[in-house]
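Student: Everything in the sequence shown is counted per this note's numbering, starting at 37 for the first residue and increasing by one.
Beta carbons are placed, not taken as given, at the ideal position from N, Cα and C, and that holds for glycine.
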Amino acid sequence: MEPQGDARRKLKQRLNRIAGQVAGIQRMVDEDRYCVDILTQIAAVRSALDSVGVELLTEHVSSCVIGHGTESEHECAKPMTQEQLVEEVKTVLGRFLK
């Protein structure tokens, strides 16, 4: 597993890239660009966000669910039973997959 600081740096870089893509979409709209080109860029941003989401969800399951109680979970993680952890994952997956 990557050191926490390196993983966070890479995540921030990816999010900055996505922010740049969104700004590019805004410019495309302002410039009255072809709708299909704009929609293609929107699809690219959605894909990039999904990728970041999968990475975060994977890290959450690894550290906070599987590692629950081993002091590897995030400092903000609440103490939960296994049933509560499963319910939390179910809820976040439901939100993420919409």
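(1) Thinking just about the alpha-carbon of each residue, which of Glu107, Cys100 and Glu111 is nearest to the one in Gln120?
(2) Of the choices Ala80, Gly41, Glu111 and Gly105, whose alpha-carbon is the least far from that of Gly56?
(3) So, Gln90 versus Arg50, is the Cβ gap smaller than 8 Å?
(4) Hey, how far is the Cα of Cys71 from the Cα of Arg82?
(5) Take Ala113 and list the residues in its own chain whose beta-carbon comes closer than 6 Å to its own, dropping the five residues that flank it on each side.
(6) So the candidates are Leu47, Leu129 and Ile102; which of them puts its Cα closest to the Cα of Thr117?
Tutor: According to the data block:
(1) Translated into the one-based positions of the sequence shown, residue 120 becomes position 84. Selected option, being the one with the closest Cα: Cys100.
(2) By 1-based counting over the sequence shown, the position of residue 56 is 20. Checking every option, the nearest Cα to that of Gly56 belongs to Ala80.
(3) Position 54 of the sequence shown, counted from the first residue, corresponds to residue 90. Position 14 of the sequence shown, counted from the first residue, corresponds to residue 50. Going by the sequence as given, residue 90 is Val instead of Gln. When the beta-carbon positions are compared, Val90 and Arg50 stay at least 8 Å from each other.
(4) One-based indexing of the sequence shown puts residue 71 at position 35. One-based indexing of the sequence shown puts residue 82 at position 46. The alpha-carbon atoms of Cys71 and Arg82 are separated by roughly 16 Å.
(5) One-based indexing of the sequence shown puts residue 113 at position 77. Here Ala113 has Cys100 as same chain residues with Cβ atoms under 6 Å from its own Cβ, once five neighbours each way along the sequence are excluded.
(6) Along the sequence shown, one-based indexing puts residue 117 at 81. Among Leu47, Leu129 and Ile102, the Cα nearest to that of Thr117 is on Ile102.
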